[in-house]
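Heads up: the structure comes next, in structure tokens.
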Amino acid sequence: MTKPLLKKQEDLQDWQEMFAQWAEEAPEGPLKRYYQAGMIAPQTALQDTPLLALDLETTGLDPSQDEIISLGLIPLNHKIIRCQGAKYWMAKPECSLNAESVTIHEITHSELEEAPRLHAILDEILLALTHQVIVVHCVAIERQFLLKASMKIYGYPLYFPVLDTMDIERQVTFKPWWKRFGRRPSLRLDACRQRYKLPRYKAHHALTDALSSAELLQAQIAYHMDPKADISNYWI
Amino acid sequence: MDVELTEILEALCQHAPFNEIADDPQLNDMTKEIEIRYVRTGEWVIAPSAPNNTLFFIRSGAIEVLSKENKLIQRMNEGELFGYYSLLRSGKSSQSMRTIEDSLLYCIPARWFLKLYEENDIFSDFFELAREVRLRAAMESQNSDVSLMTCPVVSLLRRPPISTDISSSIRNAAQIMAEHRVSSLLITDKDELIGIVTDRDLRTRAVAEGLAYDTPISEIMTRDPIVMDSGDYASEAVLKMMDRNVHHIPIVKNGRPIGVVSTGDIIQKESHGSVYLISDIYKQTSIEGLQSISRKMTHTFTQLVLADANTQMIGNAMSHIGTAFVKRLLQLAEEKYGPPPVPYCFIALGSQAREEQTIKTDQDNALILSDKYNKKLHGEYFEALTDWVCNNLDKCGYDLCSGDIMASNPRWRQPLNIWKNNFSEWIQKPKAEALLRLSIFFDLRGIYGDKTLALQLNQHIRQEAQKHSGFLTFMARNANQRKPPLGFFRQFVLDGEGEQSRTFNLKERGIAPIIDIVRVHALACGSDKLNTLERIEDIEAAGLLPNGRAKDLTLALEMIGMIRIQHQKEQIENGEQPNNHVNPENLSSFEKRNLRDAFHIVARQQEFIKFRYAGKRS
């Protein structure tokens with residue numbers, strides 16, 4: 153079986169080294185402790201990597217204006233997803249919610265009204281993220297929203313290594329233009345899952361979506377990735 | 007904060023047994039300990055002889071279960087559970103499981119399975135390993151309390167019996183009936199029930215005949231009426247009314263009347279047309295009249311199903327109706343062609359003889375003539391009579407038999423001694439091929455005419471069959487011809503070697519094999535019963551089967567029969583012709599599961615008779 157995802161030597165990133173550097177720079181507090189806890193070595197095998205699927209729900213798609221309203225986490229390794237470690241938070245946004253996004257998220261105004269502010273729970277979230285490689289579908293969104301939140305709350309950026317199931321899918325479905333026939337396959341989470349015969353879930357609940365991408369990664373590993381390969385081939 | 011994995015919990019709760027215990031708060035805790043695995047096609051989930059400590063729930067995909075000998079046992083898909091066999095046997099697994107599609111599996115820790123199994127009866131019932139026990143529980147869950155089938159006849163009684171002494175006059179009796187507004191009156195002699203008088207008796211036997219008002223009531227009453235015991239089921243009262251064509255049955259307790267059940271009481275209890283349908287049949291004087299009644303039969307059938315009648319009850323009702331058509335047609339035929347020159351008996355074969363008819367049946371019948379029959383003198387009469395009856399039965403919805411097993415066929419219209427010779431020949435020199443076609447003759451019931459002819463023939467068959475064990479070997483082999491399916495997989499029927507098909511014939515592959523098995527045993531033990539359930543009772547009493555196994559056959563037959571009837575009811579409601587072809591897509595998972603268990607019982611019993619009646623010499 154082909155394992156097409158392996159990277160060239162010069163493209164490998166060393167998150168362990170970068171974490172050490174940020175641990176120096178970050179201001180005292182939870183974020184510094186997060187970096188000080190360190191990251192696994194780039195030579196760690198995928199099968200030995202502690203993985204944590206993450207999903208955010210937000211008031212909209214613009215990180216400069218919109219806010220995180222919920223966050224779901226679910227731990228896994230290359231073979232098993234463990235519901236036992238699943239975590240879920242809701243956060244009350246600073247600005248008022250419009251009706252539209254409420255219908256998308258199935259979270260009610262009253263639930264959010266009673267939820268704590270993000271700054272009150274981000275410490276706790278950081279603790280959960282410590283030492284984990286994060287699994288998301290479409291890294292751009294999650295990274296930017298968390299980056300913005302950490303800038304605001306800690307005055308320093310939050311970075312973390314990611315296995316992006318969307319990026320993995322883009323690579324495995326990639327064909328040069330002369331071999332393409334018709335439209336490119338969709339990279340939406342639901343469409344990717346269907347390619348692996350995974351069941352359809354109701355979208356837009358942070359924990360369900362985290363579970364969705366965790367399952368998608370399991371399938372991608374089973375089909376396209378080498379559990380014995382270094383994690384540095386896959387993380388971005 | 008409390009984490010709820012709603013997606014997982016909801017997926018579980020869409021399927022048995024979780025759907026039935028969805029209110030158990032422990033389920034949410036259990037969900038939190040689930041592990042999820044993605045397994046690609048062709049990989050072992052439980053490898054041969056590997057231990058297992060997990061209950062697997064197939065969230066998507068499919069697996070197949072293989073025996074120790076690597077033989078396919080079943081295939082399972084979304085929503086099904088596996089691995090519990092080994093959990094109940096402390097981790098030891100005799101079966102292996104392998105994915106046949108890419109599958110997403112929810113792995114529930116053994117600890118949770120065992121905890122729920124201990125604490126929740128609904129949950130543990132579902133995993134009951136003995137198929138028989140499981141089926142029994144399923145049957146019981148189907149019975150509703152309000153139906154005629156399960157309510158005792160006493161519950162239909164609305165008042166104490168109204169009675170009068172034998173010394174009363176017709177006028178007295180009529181006054182009492184008017185005063186109490188009843189349509190029947192019990193006649194007693196020193197408190198002992200000796201007769202019954204109905205409205206109709208007063209009309210037809212007294213007024214129409216111009217009897218004097220002071221005539222003693224004993225002159226018009228029906229003596230020694232049919233009675234039922236207070237402990238009998240209401241359904242039995244219905245059968246009795248149909249069988250005897252009566253509308254009132256006194257109910258007795260410890261020998262003393264405690265009330266009267268009328269057809270009206272039964273109609274009130276449940277709209278139940280079969281009793282009236284039969285009396286209507288006897289009132290008809292023309293073919294058109296009978297035809298118009300036959301068009302109401304589907305309605306009667308649907309009513310019976312809606313009233314939660316069981317298969318036995320429906321088979322019985324349909325057979326009684328069928329028999330009423332035959333009897334009425336023969337009465338009309340005798341009016342048309344004159345009284346028979348020699349005694350004869352019209353016999354029903356197959357399902358009608360077993361009293362197991364359903365809504366759509368061909369006619370299977372024959373005629374036994376007295377040995378006084380002389381073809382030259384009487385042949386023409388019986389040819390005309392049977393032609394007329396069989397053709398008109400066809401017009402009434404009982405299609406002509408494609409195999410020409412009908413009284414109108416001269417081959418099946420013979421004097422008793424010829425019939426006896428035929429059977430002796432079939433039994434003493436059995437030929438497998440021929441017996442396959444003839445098995446229907448071993449279910450034979452006289453329904454009109456001189457029934458002693460049919461009784462004599464049945465007695466002859468019993469004697470011959472018991473004397474010739476070689477014959478039973480052939481019958482047992484033939485009873486193994488039609489194998490039930492292994493089970494279901496998705497929208498397919500699954501067979502032994504893994505073939506899958508879209509539909510299957512529930513009668514051919516489920517009901518007929520049971521009837522065949524039971525017939526072999528019944529012949530072996532010399533039972534004089536024809537009805538399959540009654541035969542099973544005889545077989546059990548004769549000890550032919552290991553303890554309890556006879557009952558399993560009853561259970562399997564009732565379960566398959568129930569699903570068949572339900573299926574036919576739905577076809578009728580959809581305006582389709584009812585048949586026996588079932589598409590697994592139209593079966594619920596409950597039905598599929600129960601059918602699989604029933605099929606398993608049938609397959610095992612088929613194996614058993616092969617061995618039990620193997621060609622040993624007597």
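Read top to bottom, the protein sequences are chains A and B.
As numbered in our numbering, residues 153 to 388 make up the first sequence, in order.
As numbered in our numbering, residues 7 to 624 make up the second sequence, in order.
The C-beta atom is built at its ideal place from N, Cα and C for all residues, glycine as well.
Check                                                                                                                           : Outcome
CB contact check: Glu367(A) to chain B, cutoff 8 Å                                                                              : yes
Short Cβ contact (8 Å threshold) for Val287(A) with Leu310(A)                                                                   : no
Run of the alpha helix (DSSP H) containing Gln297(B), from where it starts to where it stops                                    : Ile293 to Ser300
Buried or exposed by the 16-neighbour rule on C-beta atoms within 10 Å, applied to Phe312(A)                                    : buried
Chain A within 8 Å of Leu18(B), Cβ atoms only                                                                                   : no
Distance, Pro158(B) Cα to Asp151(B) Cα                                                                                          : Here the model assigns Asp151(B) a pLDDT of 40, short of 50, so the residue's position is not dependable and the matter cannot be decided.
Option nearest Leu296(B) by Cα separation, candidates Leu94(B), Pro23(B), Ile79(B) and Gln337(B)                                : Gln337(B)
For Trp432(B), the first and last residue of its enclosing beta strand (DSSP E)                                                 : Not the beta strand (DSSP E): Trp432(B) falls in the alpha helix (DSSP H), residues Leu422 to Gln434.
Spatial neighbours of Leu355(B) in its chain, beta-carbon cut-off 7 Å, leaving aside the 5 residues before and after            : Asp370, Asn371, Ala372, Ile411, Ile446, Phe447, Asp449 and Leu450
Min CB distance Leu363(A) to chain B below 8 Å                                                                                  : yes
Pairwise C-alpha distance: Ala366(A) and Val139(B)                                                                              : 41 Å
Distance CB(Gly89(B))-CB(Phe132(B)) smaller than 8 Å                                                                            : no
Length of the line joining the Cα atoms of Val588(B) and Glu564(B)                                                              : 17 Å
Per-residue burial, Tyr186(A) [other beta carbons within 10 Å of its own, 16 or more giving buried]                             : buried
Tyr619(B) to Asp534(B) span [Cα, whole Å]                                                                                       : 20 Å
Opposing strand residues paired with Gly549(B) [DSSP bridges]                                                                   : Its beta-bridge partners do not exist; DSSP assigns none.
Beta-carbon contacts of Tyr348(A) that lie in its chain and below 6 Å, excluding the five residues immediately before and after : Ala371
Close Cβ partners of Asp30(B) (< 7 Å) along its chain, the five nearest in sequence each way excluded                           : Asn126
Supposed close pair Ile202(B), Met227(B) - CB separation, criterion 8 Å                                                         : 6 Å
Supposed close pair Val608(B), Ala562(B) - CB separation, criterion 8 Å                                                         : 6 Å
Cβ neighbour criterion (16 or more within 10 Å) applied to Asp197(B)                                                            : exposed
Pairwise C-alpha distance: Glu514(B) and Ile320(B)                                                                              : 19 Å
8 Å Cβ cutoff met for Ile193(B) and Ser169(B)                                                                                   : yes
Alpha-carbon to alpha-carbon, Cys113(B) and Ser99(B)                                                                            : 16 Å
Per-residue burial, Phe326(A) [other beta carbons within 10 Å of its own, 16 or more giving buried]                             : exposed
Endpoints, the beta strand (DSSP E) within which Asn371(B) is located                                                           : Asn371 to Leu375
Gly237(B) to Ile569(B) span [Cα, whole Å]                                                                                       : 29 Å
With 16 other Cβ atoms within 10 Å as the buried cut-off, status of Pro227(A)                                                   : buried
Secondary structure of Ile232(B), DSSP reduced to three states                                                                  : coil
Contact with chain A by Ser594(B), beta-carbon distance below 8 Å                                                               : no
Where Ser150(B) falls: helix, strand or coil (DSSP)                                                                             : In this prediction, Ser150(B) scores a pLDDT of 45, lower than 50, which makes its location untrustworthy; the coordinate-derived value is nonetheless stated afterwards. Ser150(B): coil per DSSP, three-state reduction.
Beta-carbon gap between Ser628(B) and Ser268(B) smaller than 8 Å                                                                : Coverage of chain B is limited to positions 7 through 624, which leaves residue 628(B) absent and any answer about it impossible.
Inter-residue spacing [alpha-carbon to alpha-carbon] between Cys19(B) and Leu593(B)                                             : 19 Å
Beta carbon proximity, Met153(A) to chain B, threshold 8 Å                                                                      : Any reading at Met153(A) must be qualified, since the residue scores a pLDDT of 40, below 50, and its modelled position is unreliable; no value is offered.
Within-8 Å CB hit, Asp108(B) to chain A                                                                                         : yes
Complete beta strand (DSSP E) runs within the stretch 423-501 of chain B (minimum length 3 residues, chain order)               : 450-455, 493-495 and 498-500
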